[in-house]
Amino acid sequence: MPEPSAGHAVELNDVFFSYGSTRILSGVNLKVGYGEAIAIMGRSGVGKTTLLKIIAGILKPEKGYVRVLGCITNTGCFNSLRGRIAYIPQNLGLVEGESALYNVLLAKAPSKPLRFMAGLWGRDDLSEALEALRMVGLDGKAKSRVDRLSGGERQRVAIARAILQRAEILLADEPVSNLDLDTAEDIAKLMVGLKSKGLTIIAVMHDKWLTSKYFDKIYLLDGGILREAV
Ligand SMILES: Nc1ncnc2c1ncn2[C@@H]1O[C@H](COP(=O)(O)OP(=O)(O)OP(=O)(O)O)[C@@H](O)[C@H]1O
Ligand SMILES: [Mg+2]
């Protein structure tokens, strides 16, 4: 059994994972300190999304363990801290056809069926959501449908949702892919800037220049193994 937490926000110890008979991760080790921003890079299909899902507790390692904020994933302890982890999937997971504000407010009631959402939020939630949208520079678009927003604006909605969630860990899967370089840099800066709010950030990234400019450490996933890039 693993020892009690050694003071890292996220820790992976000898993690193995396969889909059926296809091995994806073959002994991944990682330690991320509180308030660090780290990037995971690697070619398409190598298992970056899989790795993030394992950290988020969505997938379970077949061997080894993952500890997030002191709790081992897939335990009661981990389940009790779900709200403290924000996971922005590769496709963002926005509710299309609904407004930016609505999508941000989902941070306050993520598991409620949509038809029960109306009237669920209080005045405080609304003003906090608007403040989160202001922080990401989207206060003028609060009422816009997310499917009518640009790629960069949609990323900002997803980040505002993580801000409203008051998450301590942000897991972001390719948050700046498919954006022009200037917009990608704005988003990377915004996201990594959340470290000042105490967030620990793990992001899957592709652009080497942007990644080395903004992230504390870069890891490369290759052949099922994660190595720190030097
Ligand atoms: N649910 C699944 N069942 C079976 N195989 C899967 C499943 N999800 C992903 N895979 C396979 O596992 C491998 C790793 O997928 P993953 O999505 O983690 O890669 P990735 O590094 O995030 O790729 P990309 O950069 O294209 O997003 C791929 O070969 C993929 O086809
Ligand atoms: Mg992926």
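With positions in the sequence shown counted from 1, the corresponding number in this note's numbering is that position plus 922. Yeah, the Cβ is synthetic: ideal placement off N, Cα and C, and Gly gets one too.
Asked: Residue 941 CB to nearest heavy atom of ligand 1 below 7 Å; Found: yes
Asked: Where residue 1029 falls: helix, strand or coil (DSSP); Found: helix
Asked: Proximity of residue 1091 and residue 991 at Cβ, strictly below 8 Å; Found: yes
Asked: For residue 944: DSSP bridge partner residues; Found: 941
Asked: Whole-angstrom distance between residue 939 and residue 981, CA atom to CA atom; Found: 9 Å
Asked: heavy atom of ligand 2 below 7 Å from residue 971 C-beta; Found: yes
Asked: Contact between the segment 952 to 969 and the segment 1114 to 1128 (3+ Cβ pairs under 8 Å); Found: yes
Asked: Exposure of residue 931, with buried meaning 16 or more beta-carbon neighbours within 10 Å; Found: buried
Asked: Nearest to residue 933 (by Cα), restricted to the options 1020, 946, 974; Found: 974
Asked: For residue 975, the first and last residue of its enclosing alpha helix (DSSP H); Found: 970 to 978
Asked: DSSP state of residue 1048 mapped onto helix, strand, coil; Found: helix
Asked: Near ligand 2: residue 1077 beta-carbon under 7 Å from a heavy atom; Found: no
Asked: Closest residue to residue 1056 among 1067, 1026, 967, 1134 (Cα-Cα distance); Found: 1026
Asked: C-beta contact flag for residue 964 and residue 1144 at 8 Å; Found: yes
Asked: Contact under 8 Å by Cβ, residue 1061 with residue 986; Found: no
Asked: Of the listed residues 1001, 972, 1006, 1082, nearest to residue 1023 (C-alpha basis); Found: 1082
Asked: CA-to-CA distance, residue 976 to residue 941, given in whole angstroms; Found: 13 Å
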